[in-house]
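Peer 1: For the first sequence, the positions run 1 to 489 when UniProt numbering is used.
The beta carbon of each residue, even a glycine, is placed where N, CA and C say it ideally should be.
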Amino acid sequence: MLSVTNTLSGEREAFEPTDEEVLLYVCGLTVSDDAHLGHARVWVHADVIHRWLEHEGYPVRHVENFTDVNEKIASRIGEDELGDSELAVARRFIEGTIADMRGLNLKRATVYPRVSEHIPEIIALIERLIGAGHAYETDGSVYFDVTSFEEYGKLSNQRLEDLEAQGDPDERGEKRHPADFALWKAGGVSESAIREHEKVDHDRPPEGETWDSPWGEGRPGWHIECSAMAMTHLDETIDIHVGGHDLVFPHHENEIAQSEAATGERFAKYWLHTGLLETKGEKMSSSLGNFFTVSAALEEFGQNVLRSFYLSTEYDSNQTFSEEAIAEAEERFERLERAYERATEAADSPDARTKVEDEDLREAVSEAREEFTRAMNDDFSVRPAMAALLSLANAVNRHVDTHDEYDYRGLRRAIETVEELGEGVFGLSFVSEGEGRVDIADELVELVLRVREDEREAGNYERADELRDDLEALGVTVEDEGDGTTYRL
RNA sequence: GCCAAGGUGGCAGAGUCCGGCCUAACGCAGCGGCCUGCAGAGCCGCCCAUCGCCGGUUCAAAUCCGGCCCUUGGCUCCA
Numbered sequence: 001m002l003s004v005t006n007t008l009s010g011e012r013e014a015f016e017p018t019d020e021e022v023l024l025y026v027c028g029l030t031v032s033d034d035a036h037l038g039h040a041r042v043w044v045h046a047d048v049i050h051r052w053l054e055h056e057g058y059p060v061r062h063v064e065n066f067t068d069v070n071e072k073i074a075s076r077i078g079e080d081e082l083g084d085s086e087l088a089v090a091r092r093f094i095e096g097t098i099a100d101m102r103g104l105n106l107k108r109a110t111v112y113p114r115v116s117e118h119i120p121e122i123i124a125l126i127e128r129l130i131g132a133g134h135a136y137e138t139d140g141s142v143y144f145d146v147t148s149f150e151e152y153g154k155l156s157n158q159r160l161e162d163l164e165a166q167g168d169p170d171e172r173g174e175k176r177h178p179a180d181f182a183l184w185k186a187g188g189v190s191e192s193a194i195r196e197h198e199k200v201d202h203d204r205p206p207e208g209e210t211w212d213s214p215w216g217e218g219r220p221g222w223h224i225e226c227s228a229m230a231m232t233h234l235d236e237t238i239d240i241h242v243g244g245h246d247l248v249f250p251h252h253e254n255e256i257a258q259s260e261a262a263t264g265e266r267f268a269k270y271w272l273h274t275g276l277l278e279t280k281g282e283k284m285s286s287s288l289g290n291f292f293t294v295s296a297a298l299e300e301f302g303q304n305v306l307r308s309f310y311l312s313t314e315y316d317s318n319q320t321f322s323e324e325a326i327a328e329a330e331e332r333f334e335r336l337e338r339a340y341e342r343a344t345e346a347a348d349s350p351d352a353r354t355k356v357e358d359e360d361l362r363e364a365v366s367e368a369r370e371e372f373t374r375a376m377n378d379d380f381s382v383r384p385a386m387a388a389l390l391s392l393a394n395a396v397n398r399h400v401d402t403h404d405e406y407d408y409r410g411l412r413r414a415i416e417t418v419e420e421l422g423e424g425v426f427g428l429s430f431v432s433e434g435e436g437r438v439d440i441a442d443e444l445v446e447l448v449l450r451v452r453e454d455e456r457e458a459g460n461y462e463r464a465d466e467l468r469d470d471l472e473a474l475g476v477t478v479e480d481e482g483d484g485t486t487y488r489l
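#1: Which ranges would you report for the beta strand (DSSP E) in the stretch 342-381 if only whole runs of at least 3 residues count?
#2: Can you name the start and end residues of the alpha helix (DSSP H) that I98 belongs to?
#3: E472 by DSSP, collapsed to three states: which one?
#4: For N6, count neighbouring Cβ atoms within 10 angstroms of its own Cβ and tell me buried if that reaches 16, exposed if not.
#5: Taking the beta strand (DSSP E) that K185 falls in, what are its first and last residues?
#6: If I measure Cβ to Cβ from A347 and keep anything under 8 Å in the same chain, skipping five residues before and after, which residues do I get?
#7: Using three-state DSSP, classify H36 as helix, strand or coil.
#8: Quick check on DSSP: helix, strand or coil for E79?
#9: Counting only runs that start and end within the stretch 286-343, where is the alpha helix (DSSP H) found for 4 or more residues in a row?
#10: Taking all protein chains shown into account, do 16 or more other C-beta atoms lie within 10 angstroms of the C-beta of M1, making it buried, or fewer, making it exposed?
#11: Thinking C-beta only, is G275 closer than 7 Å to D316?
#12: Can V60 and H45 be called in contact, C-beta distance under 7 Å?
#13: Hey, how far is the Cα of S432 from the Cα of E419?
#14: Can you check DSSP and say which residues form a bridge with I240?
#15: Grouping DSSP H, G and I as helix and E and B as strand, with all else coil, what is P17?
#16: So what's G482 in DSSP terms, helix, strand or just coil?
#17: Could you have a look at E435 and say whether DSSP puts it in helix, strand or coil?
#18: Which two residues bound the contiguous alpha helix (DSSP H) that contains L2?
#19: Go to A228, then tell me how far its beta strand (DSSP E) extends in each direction, as first and last residue.
#20: Check each candidate in V451, V445, V382, E334 and name the one with the smallest Cα separation from A393.
#21: Would you report the Cα separation of H233 and V111, rounded to the nearest angstrom?
#22: Which residues mark the beginning and the end of the beta strand (DSSP E) in which A135 is found?
#23: Closer than 8 Å by C-beta to L155: which residues in its own chain qualify, once you throw out the five before and the five after it? Chain order, please.
#24: Run through DSSP, which three-state label would N254 get?
#25: Which residues in the same chain have their Cβ closer than 8 Å to the Cβ of R176, if we skip the five residues on either side of it in sequence?
#26: Pairing CB atoms from the stretch 238-245 with CB atoms from the stretch 112-124, are three or more of them under 8 Å?
#27: Label P17 either buried or exposed according to how many other C-beta atoms from any shown protein chain fall within 10 Å of its C-beta, with 16 as the threshold for buried.
#28: Considering G131, what are the terminal residues of the alpha helix (DSSP H) in which it resides?
#29: Using 8 Å as the Cβ pair cut-off and three pairs as the minimum, do the stretch 318-338 and the stretch 349-369 touch?
#30: Which one of D246, I123, S429, E161 has the shortest CA to CA distance from A186?
#31: Would I126 pass as a contact of L183 if the rule is Cβ separation under 7 Å?
#32: Can you check whether the CB of L467 is closer than 7 Å to the CB of R452?
#33: For S213, count neighbouring C-beta atoms within 10 Å of its own C-beta (all shown protein chains included) and say buried if the count is 16 or more, exposed if not.
#34: Answer with buried or exposed for residue 522, where buried requires no fewer than 16 other C-beta atoms within 10 angstroms of its C-beta.
#35: From the DSSP secondary-structure annotation, give me the bridge partner or partners of S156.
Pasting the structure below:
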C-alpha cells in the first residue's frame with residue numbers, strides 16, 4: 001500500500017520492511033550551534049513519517065544521532081558560556097536541541113546516540129574495513145579506498161573519473177584518490193579549526209577530544225559515525241534512512257560505501273531526502289548566517305503554526321520561508337482548529353441528537369479518511385492529506401450552519417478523525433497552548449465580555465467596540481454569533 | 001564543467017510515475033451574496049491558468065518522447 005520515493009533508484013517503490021519492526025535512521029545534527037528552521041524541517045517531516053508508519057501498524061525503531069565530535073564544535077570552546085571542552089559545548093547545544101524538539105511536539109526517537117559514546121564501535125568498523133582491504137593507514141590516519149568499492153557513486157550518480165578530475169591536487173595530501181575520505185584522523189583538531197577559534201576572544205586553546213586507537217591518538221572522520229551507530233542501534237541493513245538533500249554527496253554516498261564494503265549487505269533499503277528550506281532564494285544555513293533559530297520561531301509562531309508551515313510542502317521539495325508563508329500556515333491551522341472547536345461544542349450542546357443523521361457530513365468524514373490515507377500512502381503526500389482535513393472542516397461548518405439539531409454521531413466521527421489524523425499523525429494540537437494560564441484568563445475575559453454585553457444591550461456600541469479592540473490588542477479575538485459571543489486566546 | 005531536483009493562476013501549492021473523471025485539489029489574497037448594530041468567523045458563489053519554450057506521438061497530453069531556455073541544490077562544513 002505504502003510507496004516511497006527512493007533516492008537510490010530515483011523512483012517510487014513499494015515499501016516493504018525487512019522485518020515487522022521498521023528500522024528508521026535520521027541523520028541528526030552536528031551540535032555546533034543552535035538548531036535552525038532548516039533542521040526543524042527535517043525533524044517534522046521525519047516525525048510525520050514515523051507517526052504515519054505507526055498509524056499503519058508498523059512498530060518503529062527510530063534512531064537519530066547527535067554528532068558531538070566535530071571541528072566546528074571544538075572551535076567554539078571557551079566562547080561565552082559554552083563550556084571549556086568540546087563535549088561540554090556539544091552537551092550545551094544538545095540540551096537546547098532536545099528542548100526545541102519537545103517544543104515542536106516531535107515523538108521521541110528510540111535512541112539518540114552520540115559519536116563520543118561510540119568510539120569503540122567506530123574503531124571496530126574501521127578495523128573491519130582495513131581487514132577487508134577497503135581502507136588504508138598513512139601516518140596515523142585511515143582513509144577509505146573508493147576504488148575498492150565498485151558501486152561508489154550509486155546514490156548520487158557520480159563517476160569516479162569525474163570526481164578525480166575535479167579534485168584539487170593540493171588537497172589530495174596523503175590520499176590515494178581525491179575522493180578517498182578519512183575514517184580516522186591522526187592528532188587533534190585541524191589548523192583551520194584553531195584559526196576559526198582564534199577569531200573570537202577566548203581564554204583557552206581549542207583542545208578537541210582525542211582518543212587512542214590502533215593507529216595512535218586521533219579523531220573519527222565525519223561519515224563513519226553514522227554507519228557505526230546505525231549498525232549498533234539498528235542493524236546492518238536498515239529500512240529507511242532520512243536526511244537533508246544536502247547530505248546526498250558526499251555524506252550518504254560515503255556511508256553506503258563504508259557500510260556495504262564492511263558488511264557486504266545493503267546498508268539502507270530506502271533513502272529519503274528532504275528538501276531544503278530557503279530564504280529569498282538561498283538555502284537557510286548556519287554558514288550563510290541567514291537562519292532563524294527553532295527556539296526563536298517557537299516563541300514567535302508556536303508549534304502548531306510551524307508544523308502547519310512545514311506540512312504545506314511535500315517533504316522532498318524545497319520550501320521558502322517568509323512571513324507570508326507563515327501567515328498562511330497560521331490561517332490553515334486555525335481554520336482546522338476552529339472547525340474542531342465548533343464540532344466539539346456542537347456535539348456537546350443540547351441540540352446534538354443521536355437520532356439526527358446528516359448523510360453529507362458522514363460521507364465527508366469517510367471521504368476525508370480515504371483521501372488522507374491515499375495521500376499519505378503515496379510517498380507521504382502531506383499537502384493533499386491536509387487538504388482532506390480542511391475539506392472535512394468545511395463539511396463540519398456547513399453542518400453546524402445549516403442544522404438546528406446536530407448529528408451527534410456524525411460530529412463525533414468528525415472529531416475522532418481530526419484527533420486521529422490531525423493530532424495523531426500531523427502532530428498538531430487543538431488545545432490552546434499554555435493551558436495553565438487559561439483558567440484565570442478565561443474568567444477575566446468573561447468578566448470583560450459581560451461588561452461589554454451590558455454596553456451592547458444599552459446600545460453603547462462604540463464602547464463595546466472599544467472593549468473588543470482592547471481585548472484584540474491583548475491577543476483575545478472576540479466574535480459575536482447569533483446566539484452569543486465567543487472568543488479565542 | 002559534472003550530478004540531482006524543479007519550472008502549473010496575484011501568492012502558495014497538489015496533480016506528472018499509471019495520458020482521458022484536469023472545464024486543473026486544498027489554502028491565502030481579491031470580488032459579490034447570506035448572516036450581523038458593525039467587525040470577525042462561517043456558509044454560498046465568482047474572478048485569476050495558452051500547465052517554461054519549440055517540435056513530435058496519440059482519437060486524446062500539465063501528464064509520454066526529443067530539443068532548447070531558466071531556477072535551485074550538491075561537487076568544501078552543512079538537515
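Peer 2: The structure says:
#1: none
#2: 86-103
#3: helix
#4: buried
#5: 181-186
#6: Y406, Y408, L411, R412, I415
#7: strand
#8: coil
#9: 294-301, 303-310
#10: exposed
#11: yes
#12: no
#13: Here the model assigns S432 a pLDDT of 48, short of 50, so the residue's position is not dependable, and the following value carries that caveat. Answer to the nearest angstrom: the Cα atoms are 15 Å apart.
#14: L24, Y270
#15: coil
#16: coil
#17: Unreliable positioning characterises E435 in this predicted model, as indicated by a pLDDT of 43, which lies under 50. The coordinate reading is nonetheless provided below. In this structure, E435 counts as helix in the three-state DSSP scheme.
#18: Unbroken run through L2: none, as it is neither H nor E.
#19: Element bounds for A228: not the beta strand (DSSP E) but the alpha helix (DSSP H), 224-233.
#20: E334
#21: 8 Å
#22: 135-138
#23: T7, L8, V248, F249, H252, E253, I256, W271
#24: helix
#25: Y136, Y143, D145, T147
#26: no
#27: buried
#28: 119-131
#29: no
#30: I123
#31: yes
#32: yes
#33: buried
#34: This structure gives no information on residue 522, because the portion of the chain shown stretches from 1 to 489.
#35: DSSP output for S156 lists no bridge partner at all.
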